[in-house]
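Enquirer: Provided herewith is a single structure, encoded as structure tokens, for subsequent inquiry.
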Amino acid sequence: MEWMNNPKLNNRLANIIHLFSVLILVYCLGIYIVNNCFPVNKIIIEGKLEHVTPLQLSYVAHNKLHGTFFTLDIQGLKNEFEKLPWVNHVEVQRYFPHTVMVSLQEYHAVARIGDENFLADNGKIFDGADDSNSLPILYLEDSYQATQAFNLTKQLDLILQRHQDKLDKLWLTIPSITKISTQKGLTITLCGKNVISNMERLDVYWSRLYHLNPNIKNINLCYKDGLAFGT
């Protein structure tokens, strides 16, 4: 064949083959470096943490961090940290050549939901453990929105604070009946959907009631034209 006897063409083919050989070598070298070099040997965890324990963080860092600086699954590692109780938000960043920085943000709990879960200030319900937490406890029926309940607790607390008291428990488990327990041991029963307007009505007569009986422990506002109270 004529092309086999063409020196210029043969030189070009040889150069092309040589170029491809170099590219393949570079590619293989790159793959080797990506998968075997620059191991992640330093992980920095930052954030204001009050509930997430060092043991939990250490477990994720040592058991869920796989790969090198280049092959590390950032999203996967982020997901593993977000599985920890009390963790609300996670950011993971790489810093060449061997460092990963993890920024954690905890939930800010504003109330308990029953005896197991917590309600965060962003409206999310999450599972956590904190026996020392003195947050109000909300008992809700399934159809009641936790965020609505929390907004109600804030309004109730504003009224109770005027009398140096604070909400302890709130029951919204029976339709049209709301039960409130305060930290001073007062129980208030309200009927109807206008919970705050009923509490504001009680607020007007609060001082008079305690003037009549300073040891009041129960107040019932479910009467049409009045209320009942007792010790």
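Going by our numbering, the sequence shown opens with residue 1, and the numbers climb by one from there.
All residues carry an ideal CB built from backbone N, CA and C; glycine is no exception.
1. Mind checking which residues open and close the beta strand (DSSP E) that includes Phe-126?
2. Identify, in the order they occur along the chain, each residue of the same chain with its Cβ nearer than 6 Å to the Cβ of Lys-78, setting aside the five sequence neighbours on each side.
3. Might you give, ordered along the chain, the residues of its own chain that have their beta carbon closer than 6 Å to the beta carbon of Val-195, omitting 5 neighbours on each side?
4. If you compare alpha carbons, which of Tyr-223, Asp-225, Lys-224, Leu-212 is closest to Thr-231?
5. Give a yes or no on contact between the stretch 157 to 170 and the stretch 116 to 131, applying the rule of three or more CB pairs nearer than 8 Å.
6. Could you give the distance in angstroms between the alpha-carbon of Trp-3 and the alpha-carbon of Gly-67?
7. Using 8 Å as the Cβ pair cut-off and three pairs as the minimum, do the stretch 173 to 192 and the stretch 211 to 225 touch?
8. So for Trp-3, helix, strand or coil by DSSP?
9. Starting from Leu-246 and walking both ways along the beta strand (DSSP E), at which residues does that stretch end?
10. Three or more C-beta pairs closer than 8 Å, one from the stretch 154 to 165 and one from the stretch 125 to 132: is that the case here?
11. Can you tell me which of Pro-97, Val-87, Leu-49 puts its alpha carbon nearest to the alpha carbon of Phe-69?
Expert: On the basis of the supplied data:
1. Its beta strand (DSSP E) spans residues 125 to 127.
2. Counting only Cβ-Cβ distances below 6 Å, and skipping sequence neighbours, we find Val-90, Val-92.
3. Thr-178, listed in sequence order.
4. Among Tyr-223, Asp-225, Lys-224, Leu-212, the Cα nearest to that of Thr-231 belongs to Leu-212.
5. No: the two stretches stay apart, fewer than three of their Cβ pairs being nearer than 8 Å.
6. Its pLDDT being 48, under 50, Trp-3 is placed unreliably by the model, and nothing is read from it.
7. The count of Cβ pairs closer than 8 Å, one atom from the stretch 173 to 192 and one from the stretch 211 to 225, reaches three, so the stretches are in contact.
8. Low local confidence applies: a pLDDT of 48 at Trp-3 is under 50, so the model's placement there is unreliable, with the coordinate-based value given in what follows. Of the three classes helix, strand and coil, the one that applies to Trp-3 here is helix, per DSSP.
9. As displayed, the chain neither begins before 1 nor continues past 231, which places residue 246 out of reach and without an answer.
10. Contact annotation: the stretch 154 to 165 does not touch the stretch 125 to 132, with fewer than three C-beta pairs closer than 8 Å.
11. Taking Phe-69 as reference, the option from Pro-97, Val-87, Leu-49 with the minimal CA-CA separation is Pro-97.
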